[in-house]
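Inspection log for the structure reproduced underneath, given as structure tokens.
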Amino acid sequence: MDYHEIIKLIAEDENLFTHQCKLVPKENLCLPGPDYIDRVFLNSSRNIQTLRNMEVLYRHGRLAGSGYLSILPVDQGLTQVPIPFRMCI
-17 MDYHEIIKLI AEDENLFTHQ CKLVPKENLC LPGPDYIDRV FLNSSRNIQT LRNMEVLYRH
43 GRLAGSGYLS ILPVDQGLTQ VPIPFRMCI
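Once you know that position 44 of the sequence shown is 26 in my numbering, the rest is easy, because the numbers rise by one and skip nothing.
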């Protein structure tokens, strides 16, 4: 699907594609990248062990070195309930 087909589908809301944010200048954004920790956190007051641990997190997994970090929550719902009780739900 190209741009013009999408515009036909949402013709009354074309401003969704043409909107430009005036509240936050793009110069203030810290975009992800392989040097994200160095650019964003290096000049902070964090100690070197904290920076090293953050670097380890950002350089691990499928997103390693991209500047993105994904931490998924641990499900503590029904997985810890006894099996007979789960069958009754």
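Beta carbons are placed, not taken as given, at the ideal position from N, Cα and C, and that holds for glycine.
- For Leu54, the closest alpha carbon among the candidates Gly47, Gly43, Ser48 is that of Gly43.
- Counting only residues of its own chain and dropping the five nearest sequence neighbours on each side, Tyr18 has a CB closer than 8 Å to the CB of Cys12, Tyr40, Gly49.
- Within the model, the alpha-carbon separation for Ala46 versus Arg34 is close to 15 Å.
- Per DSSP, Val38 is one residue of the alpha helix (DSSP H) stretching across 30 to 40.
- Look at Tyr50 here: in three-state DSSP terms it is coil, with no helix or strand label.
- Shown here, Val22 sits in a helix according to DSSP, grouped into three states.
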